[in-house]
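In our numbering, the protein residues as written are 507 to 795.
Here a beta-carbon is modelled for each residue, glycine too, at the ideal position from N, C-alpha and C.
Just below is one structure, and these are the notes that go with it.
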Amino acid sequence: MDKIIKSISKNGHFRAFVLDATETVRTAQERHQTWPTSTVALGRTLIAAQILGANEKGDEKITVKVLGDGALGAIVAVADSHGNVKGYVQNKDLDYKKASTGEVLVAPFVGNGFLVVIKDMGLKQPYSGKVDLITGEIGEDLAWYFLSSEQTPASVGLNVLLNENEDTVKVAGGFMLQALPDATEEEISLMEQNIKAMPSISTMLEDENALDVMLQSIYAGMDFTKLSETGLAFECDCSKDRFRNGIKSLGNQTITEIIEEDHGAEVVCQFCGRKYEFSESELNDLILN
Ligand code: ZN
507 MDKIIKSISK
517 NGHFRAFVLD
527 ATETVRTAQE
537 RHQTWPTSTV
547 ALGRTLIAAQ
557 ILGANEKGDE
567 KITVKVLGDG
577 ALGAIVAVAD
587 SHGNVKGYVQ
597 NKDLDYKKAS
607 TGEVLVAPFV
617 GNGFLVVIKD
627 MGLKQPYSGK
637 VDLITGEIGE
647 DLAWYFLSSE
657 QTPASVGLNV
667 LLNENEDTVK
677 VAGGFMLQAL
687 PDATEEEISL
697 MEQNIKAMPS
707 ISTMLEDENA
717 LDVMLQSIYA
727 GMDFTKLSET
737 GLAFECDCSK
747 DRFRNGIKSL
757 GNQTITEIIE
767 EDHGAEVVCQ
777 FCGRKYEFSE
787 SELNDLILN
């Protein structure tokens, strides 16, 4: 099962999140039937949203939008603080790999643009932060967001590895390491060395104790404590009722036209690909009410 572990160094100078999001990204790929470049870009965005969601408390919702001018179009993910995430990529069928290595290319198809983070706390005005995409690889862009928007130096790694022949998801996950205000220059450079020396995230994710291996690599030479462990999942909160209200808001005239032309309606949730059917009589009820 997917999960995220939150941790802090014993001296309180660093904190780190490590995530196994394999099932999350696998489910997203299956629901949206994405092709490799689209799968990896969407997967990284979903993991980024899970990291930001885990950073929140209560019923806050976090939306991450990767708005580049590349062929992928917009990538959107919404996470809550309980580990649930949903999301989509505008262009599902991009498939570009390096011929020599088979590595899936992402940044050139994200392009130039912005990373937008919206925090919705329910009653209050949503907070919104926006930074330029610096590489389009999404991990570095999230690290840049932490630094420029939240003034927290961070290192972020996001990884989605596909099975070679089927282009399905083999492993997916990542980490986020933040330096807290008391961190010294020496400690920061030790951590930077650790991140550089770390095996690739996908290699670590293939280990049975993936998240422990990841924590040990991040904190090599420094003691740490695990704070919490939370399950993660691709989970959409859509429902037929929600779409019923959406159709209702189109107004009587439009609904009548739909009934006359199509004798029913099929609505597809953009975030999870689930389909909802409305029969002619269900549509009629929406007019009467
Ligand atoms: Zn949905």
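Please report the Cβ distance between His519 and Ala689, rounded to the nearest whole angstrom; I am assuming they are in contact, meaning their Cβ atoms lie under 8 Å.
4 Å
Straight-line gap, Asp800 to Ala716 (C-alpha atoms, nearest Å)
This structure gives no information on residue 800, because the portion of the chain shown stretches from 507 to 795.
Whole angstroms is fine: what's the gap from His769's alpha carbon to Val677's?
44 Å
Pro542 and Val610 closer than 7 Å at C-beta
yes
Where does the unbroken beta strand (DSSP E) through Ala485 begin, and where does it stop?
As shown, the chain starts at 507 and ends at 795. That puts residue 485 outside it, with no answer to give.
Run the proximity test for Arg780: is its beta-carbon closer than 6 Å to any non-hydrogen atom belonging to the ligand ZN?
yes
Between Phe777 and the ligand ZN, is there a pair consisting of the residue's CB and a ligand heavy atom that are separated by less than 6 Å?
yes
Is the beta carbon of Thr731 sitting closer than 7 Å to the one on Ile514?
yes
Tell me the residue span of the alpha helix (DSSP H) that contains Tyr651.
645-656
Alpha carbon to alpha carbon, how far is Arg748 from Asn790? Give it in angstroms, no decimals.
17 Å
Return the residue from the list Glu698, Leu686, Gly679 that minimises the CA-CA distance to Asp713.
Gly679
Less than 8 Å between C-beta atoms, sequence neighbours within five positions excluded: which residues of the same chain meet that for Val675?
Thr528, Val531, Arg532, Gln535, Thr545, Gly549, Val666, Leu667, Leu668, Asn669
Starting from the N-terminal side, write out each stretch of the alpha helix (DSSP H) that is 4 residues or longer and does not extend beyond the segment 673-756.
691-703, 707-711, 716-724, 746-754
Decide if the segment 719-735 is in contact with the segment 748-761; the criterion is three or more beta carbon pairs, one per stretch, under 8 Å apart.
no
How many Å lie between Gln699 and Gly752 at the Cα?
52 Å
Thr641 and Ala613 - do their beta-carbons sit closer together than 7 Å?
yes
Give me the Cβ distance between Val662 and Leu648, rounded to the nearest whole Å; I'm assuming they're in contact under 8 Å.
5 Å
Give me the DSSP bridge partner(s) of Phe620.
Leu573, Asp638
Mind listing, in chain order, the continuous beta strand (DSSP E) runs of no fewer than 3 residues lying wholly within the segment 536-598?
567-574, 581-586, 590-595
Check the C-beta distance from Leu552 over to Gly619 and give it rounded, since I have them as a contact under 8 Å.
Leu552 to Gly619, Cβ: 18 Å. No contact.
When Cys775, Ile765, Tyr651 are compared against Ile557, the one with the closest alpha-carbon:
Tyr651
Distance CB(Val616)-CB(Lys636) smaller than 7 Å:
no
Applying the criterion that 16 or more other CB atoms from any shown protein chain within 10 Å of the CB defines a buried residue, is Thr540 buried or exposed?
buried
Kindly indicate which residue of Leu653, Glu772, Leu792 has the alpha-carbon position closest to the one of Ser755.
Leu792
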